[in-house]
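Below is one structure; the comments refer to it alone.
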Amino acid sequence: MRHRKVSRRLGRDTEHHWAIMRNQVRDLLKHGKVVTTIAKAKELRRVAEKMITLAKKGDLAARRRALSFINDKEVVRKLFKDLREKFLDRSGGYTRIIKIGPRQGDASMMVLVELVEEKVSAKSGKKKGERLKKVLEFIEKKKKQYGVKPQEEKSTVEKTTQEDSSVEGAQEIQA
Numbered sequence: 130m131r132h133r134k135v136s137r138r139l140g141r142d143t144e145h146h147w148a149i150m151r152n153q154v155r156d157l158l159k160h161g162k163v164v165t166t167i168a169k170a171k172e173l174r175r176v177a178e179k180m181i182t183l184a185k186k187g188d189l190a191a192r193r194r195a196l197s198f199i200n201d202k203e204v205v206r207k208l209f210k211d212l213r214e215k216f217l218d219r220s221g222g223y224t225r226i227i228k229i230g231p232r233q234g235d236a237s238m239m240v241l242v243e244l245v246e247e248k249v250s251a252k253s254g255k256k257k258g259e260r261l262k263k264v265l266e267f268i269e270k271k272k273k274q275y276g277v278k279p280q281e282e283k284s285t286v287e288k289t290t291q292e293d294s295s296v297e298g299a300q301e302i303q304a
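Structure below.
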């Protein structure tokens, strides 16, 4: 039984599991994004967010703990210098998981794990329409980035009915 066991084993022994996590956390922090399977991504998110939280502490003990896990001085330097400043205002949720479809060989669901770029802003001050517009722009940007074809425009029948209704409205105003 797996009572009180936190991490996923991923079908490997403990040393291999932690080697995979070290490599993926290092690559995520180095490149900003990683493509992997969904199970590995969920485990990667858990470990990477702990490393970013260590960087936010910023003291020597935290730097040594991060260096003992990541084993790459350049990545730890980037984590404690650049990424720390980027995520200092954010209280969590430093990564994002985006599904990109099944893998060709074994149909395993592949996902993109990336570091969040946006700044945290208070939602109460913004209007609902502005938030919706920002979300729609983000979705369109990701679709273009990953080659998803945009939806076609309205049919000509719908366009002509809209034009006719606007002409009738203009005539009523003039009368």
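For what it's worth, this note's numbering labels the leading residue of the sequence shown as 130, then goes sequentially. From the three backbone atoms N, C-alpha and C, an ideal C-beta is built for every residue, glycine too. All values reported here derive from a predicted model rather than from experimental measurement.
Helix, strand or coil for L139, going by three-state DSSP, please let me know.
coil
Got a sec, what are the start and stop residues for the alpha helix (DSSP H) G258 sits in?
257 to 274
How about I149 and M238: are their beta carbons less than 9 Å apart?
no
Spatial distance of E259 from L265 (CA atoms):
10 Å
Inter-residue Cα distance where the pair is L157 and E178
11 Å
Under a Cβ-count criterion, where at least 16 other Cβ atoms within 10 Å of its own Cβ denotes burial, should I268 be classed as buried or exposed?
exposed
If you follow the alpha helix (DSSP H) that K134 is in, where does it begin and where does it stop?
Element bounds for K134: n/a, residue is neither H nor E.
Using CA atoms only, rank isn't needed, just tell me which of V205, K263, D188, A184 is closest to L217.
A184
Best match in F209, D235, D142 for proximity to D188 [C-alpha to C-alpha]
F209
Just checking: is the beta-carbon of N152 within a distance shorter than 9 Å of some beta-carbon in chain B?
Here chain B cannot be found, since the structure has a single protein chain.
Which residues does DSSP pair with L244 in a beta bridge?
T224
So, for V245: in the same chain, excluding its five sequence neighbours on each side, which residues have a beta-carbon less than 7 Å away from its beta-carbon?
G222, Y223, T224, R225
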